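Working notes for the structure below.
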Amino acid sequence: MTGNAPRVKVATVHVGTGHAMWAVVRRDLRSSFRQRQDLLNPLLFFFMVVTLFPLGVSPEVSFLQQAGTGILWVAALLSTLLSLDHLYRHDFDDGTLEQMVLQPQPLFLLVLAKSLAHWLLTGLPLVVLAPVLGVMLHLEGNSIAVLCLTLLIGTPVLSLIGAIGAALTLGLKAGGVLLSLLIIPLYIPVLIFGTGTVAAATEGAPVQGYLALMAAFLVLALTLAPFAAASALRISLSNS
Amino acid sequence: MMAFDSLSAFWAMEGHGPYVWVCYGAFVLFLSGLALWSRSRRNAVLREQRRLLRLEEAGAPAQAPAAASFSRIHPS
Amino acid sequence: MWTLFHKFGSPKWFYGMANKLMPWLLVLGVGLLVAGLVWGLAFAPKDYLQGNSYRIIFIHVPSAFLAQSVYIMMAVAALVTLVWRMKLADLFVRSVAPVGAVLTFLALFTGAVWGKPTWGTWWIWDARLTSMLILLFLYFGVIVLGSAISDDKGSARAVAVLILVGVVNIPIIKYSVEWWNTLHQPATFKLTEKPSMPPEMWVPLLLSVLGLYLWFGWLACYRMQTEILWRERRTRWVRDLVQEGGH
Numbered sequence: 041m042t043g044n045a046p047r048v049k050v051a052t053v054h055v056g057t058g059h060a061m062w063a064v065v066r067r068d069l070r071s072s073f074r075q076r077q078d079l080l081n082p083l084l085f086f087f088m089v090v091t092l093f094p095l096g097v098s099p100e101v102s103f104l105q106q107a108g109t110g111i112l113w114v115a116a117l118l119s120t121l122l123s124l125d126h127l128y129r130h131d132f133d134d135g136t137l138e139q140m141v142l143q144p145q146p147l148f149l150l151v152l153a154k155s156l157a158h159w160l161l162t163g164l165p166l167v168v169l170a171p172v173l174g175v176m177l178h179l180e181g182n183s184i185a186v187l188c189l190t191l192l193i194g195t196p197v198l199s200l201i202g203a204i205g206a207a208l209t210l211g212l213k214a215g216g217v218l219l220s221l222l223i224i225p226l227y228i229p230v231l232i233f234g235t236g237t238v239a240a241a242t243e244g245a246p247v248q249g250y251l252a253l254m255a256a257f258l259v260l261a262l263t264l265a266p267f268a269a270a271s272a273l274r275i276s277l278s279n280s
Numbered sequence: 015m016m017a018f019d020s021l022s023a024f025w026a027m028e029g030h031g032p033y034v035w036v037c038y039g040a041f042v043l044f045l046s047g048l049a050l051w052s053r054s055r056r057n058a059v060l061r062e063q064r065r066l067l068r069l070e071e072a073g074a075p076a077q078a079p080a081a082a083s084f085s086r087i088h089p090s
Numbered sequence: 097m098w099t100l101f102h103k104f105g106s107p108k109w110f111y112g113m114a115n116k117l118m119p120w121l122l123v124l125g126v127g128l129l130v131a132g133l134v135w136g137l138a139f140a141p142k143d144y145l146q147g148n149s150y151r152i153i154f155i156h157v158p159s160a161f162l163a164q165s166v167y168i169m170m171a172v173a174a175l176v177t178l179v180w181r182m183k184l185a186d187l188f189v190r191s192v193a194p195v196g197a198v199l200t201f202l203a204l205f206t207g208a209v210w211g212k213p214t215w216g217t218w219w220i221w222d223a224r225l226t227s228m229l230i231l232l233f234l235y236f237g238v239i240v241l242g243s244a245i246s247d248d249k250g251s252a253r254a255v256a257v258l259i260l261v262g263v264v265n266i267p268i269i270k271y272s273v274e275w276w277n278t279l280h281q282p283a284t285f286k287l288t289e290k291p292s293m294p295p296e297m298w299v300p301l302l303l304s305v306l307g308l309y310l311w312f313g314w315l316a317c318y319r320m321q322t323e324i325l326w327r328e329r330r331t332r333w334v335r336d337l338v339q340e341g342g343h
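Quick note, the sequences are listed as chains A, B and C, same order. One gets the working numbering by counting positions in the first sequence from 1 and adding 40 to each. One gets the working numbering by counting positions in the second sequence from 1 and adding 14 to each. One gets the working numbering by counting positions in the third sequence from 1 and adding 96 to each.
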């Protein structure tokens, strides 16, 4: 009777890391499409902030051409900051984040996947909207092209660094404002080089060097930021 | 030896006096401010701890006193 | 080796050590500082370009050096916190962050006031001042995050991550701001150029810098002792210390 109990084979499914990452990206994309406001808010904010400058300062072509690049970059930066708050918050609120931390796959890769999703939903739309706003600010075609290129390289960096701040301030009361306070100093180099590259292009100087430098920022952020964000996530989850 | 001929020349610093003295003044002010603030923090910590120790000795619990005492509620 | 490490990490050991070091740090620090400042104010010769306003350098440079060094020290402490979980490291960060912020502010303030007679303007967006301003923001971030998290251990680790992320960014920020400055500044008029300073100028400067470092050491020890008295308040040795009227 004790003897031969049927031996049950326990099926173990090994989920590859790539699969896990792709699952995270797909999930974030799908849930954002279901709740459109997280998607649209940053874009609308971007649009409206840019509109404030001709209204508040001057609609003159000379001013807008000079200040336009900076206005667009600053507005893109602020929109990204706005959208970072909900990077982890929804998952934190419903407990999914804790599950993610417990996964066998390395957390930093899952964090990278989330940042990718965030960029696809926030940064990329900004890059797509930028030419329209560039035309509204009377920027030249060449400048607009280089601007979009700098935004394309720069916005992922903003998403990656922002993820660190979002992880650090997760669950804190004044989280949103604190996030801005922590992250803006770290955004300044990206801003400087983003706008500086376009300034160089407007003057006719070659921009490959500057773009390469921005690409170097991106590579640095890709390799280091997910680790920092993953540590910060673990710390925040153990605090709450 | 001295770079200035007189005390009034030292004060005026050939017109740069206000700038130099404001800076030196700010330096002394802020650093002493830091030291004084640190001392007042130390005193606050010590005061609080002595208060807690006194409460303990008096037999009261070391934590903040209970908001309500349920032992006086009788079921009947 | 680990017992040695453990001993150095013990708050009680540090408290005693600090008591021994502090008088020396204070006396030497203030002494050197006063010597350097008096020398710089009254005895150093006038600068041939800037006149007497350059004397602000004896305040500005020590503040700026220390403001940056303190952040680096905090970064080392942050690493120790994350890797070895040493309590003392976090106490150091907590004690020293406001001091670093005040020093950064002083560097900015004196830099700005120095700018008025030199360039005719109260504030100038030059590379050095702008980098200092960003450093001030980094300090504020550390202070605010530290006070926003209520759990001691958790806040220690979160702040440590923030500091390390900041320290990696500092060279990037410096480089970016310097590059940005060359774009927008037609005339490069460096505030503290490194010309050949005669010994009558750099010796008092050195004295002031050393003095300020030592005084900072004293203040850091004092503030860390206060934190220890609070954090370790339930231990026997602190209770005895407080009761016998420890000051």
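Glycine included, every Cβ here is placed at the ideal spot set by N, Cα and C. The structure presented is a predicted model; accordingly, all values stated were derived computationally and were not measured.
Query: Quick one, which of C:S243, C:A174, C:V195 has its alpha-carbon nearest Y309 of chain C's?; Result: C:V195
Query: What does R64 of chain B reach in chain C if we use C-beta pairs closer than 8 Å?; Result: V338, Q339
Query: Whose C-alpha, out of C:E296, C:W275, C:G250, C:M320, is nearest the C-alpha of S227 of chain C?; Result: C:W275
Query: Rounding to the nearest angstrom, what Cα-Cα distance links V300 of chain A and L152 of chain A in this structure?; Result: This structure cannot speak to residue 300 of chain A, because chain A is shown only from 41 to 280.
Query: Could you check what DSSP says for G147 of chain C in three-state terms: helix, strand or coil?; Result: strand
Query: To the nearest angstrom, how far is the alpha carbon of L306 of chain C from that of W314 of chain C?; Result: 13 Å
Query: Would you say S276 of chain A and A203 of chain A are within 7 Å of each other, going by their C-beta atoms?; Result: no
Query: Taking 7 Å as the cut-off, decide whether the C-beta atoms of A171 of chain C and V263 of chain C are in contact.; Result: yes
Query: So, is R70 of chain A buried or exposed, given that buried needs 16 or more other C-beta atoms within 10 angstroms?; Result: exposed
Query: Can you look up V259 of chain A in the DSSP assignment and give me helix, strand or coil?; Result: helix
Query: Is there a C-beta anywhere in chain A that falls below 7 Å from the one on W88 of chain C?; Result: What the structure shows of chain C is the stretch from 97 to 343, and residue 88 of chain C is not part of that stretch, so it cannot be assessed.
Query: Would DSSP call D78 of chain A helix, strand or coil?; Result: helix
Query: Measure the alpha-carbon distance for A252 of chain A versus L147 of chain A and round it to whole angstroms.; Result: 29 Å
Query: Classify M43 of chain C as buried or exposed, calling it buried when 16 or more other Cβ atoms lie within 10 Å of its own Cβ.; Result: Residue 43 of chain C lies beyond the range of chain C shown here (97 to 343); nothing can be said about it.
Query: At least one CB of chain A closer than 7 Å to the CB of P282 of chain C: is that the case?; Result: With a pLDDT of 47 at P282 of chain C, under the threshold of 50, the modelled position of this residue cannot be trusted, and the question is left open.
Query: Are the Cβ atoms of G236 of chain A and T195 of chain A separated by less than 7 Å?; Result: no
Query: At which residues does the alpha helix (DSSP H) containing S119 of chain A begin and terminate?; Result: 101-134
Query: Run through chain C and tell me which residues come within less than 8 Å of S52 of chain B, C-beta to C-beta.; Result: L315, Y318, R319, T322
Query: Would the beta-carbon of L187 of chain C fall within 7 Å of that of A163 of chain C?; Result: no
Query: Let me confirm a value: M254 of chain A is counted as buried when at least 16 other C-beta atoms fall within 10 Å, else exposed. Which label applies?; Result: buried
Query: Which whole-angstrom value is the C-beta distance of G136 of chain C and H30 of chain B, which I expect to be below 8 Å?; Result: Not quite, the Cβ-Cβ distance comes to about 14 Å (not below 8 Å), so this is no contact.
Query: How close, in whole Å, do the beta carbons of L121 of chain C and Y167 of chain C come, if the pair is a contact with beta carbons under 8 Å?; Result: About 20 Å; that fails the 8 Å criterion.
Query: Residues of the stretch 127-142 of chain A in Cβ contact with chain C at a cutoff of 8 Å, in chain order, please.; Result: none
Query: Select from the stretch 106-117 of chain C all residues with a C-beta closer than 7 Å to any C-beta belonging to chain A, and list them in chain order.; Result: none
Query: Please report whether the beta-carbon of A268 of chain A lies at a distance below 7 Å from any beta-carbon of chain C.; Result: yes
Query: Whole angstroms is fine: what's the gap from F154 of chain C's alpha carbon to P300 of chain C's?; Result: 7 Å
Query: Write down the C-beta distance between S123 of chain A and P94 of chain A rounded to the nearest angstrom, noting that I regard them as a contact closer than 8 Å.; Result: S123 of chain A to P94 of chain A, Cβ: 24 Å. No contact.
Query: By the 10 Å Cβ neighbour count, where 16 or more other Cβ atoms means buried, how is S155 of chain A classified, buried or exposed?; Result: buried
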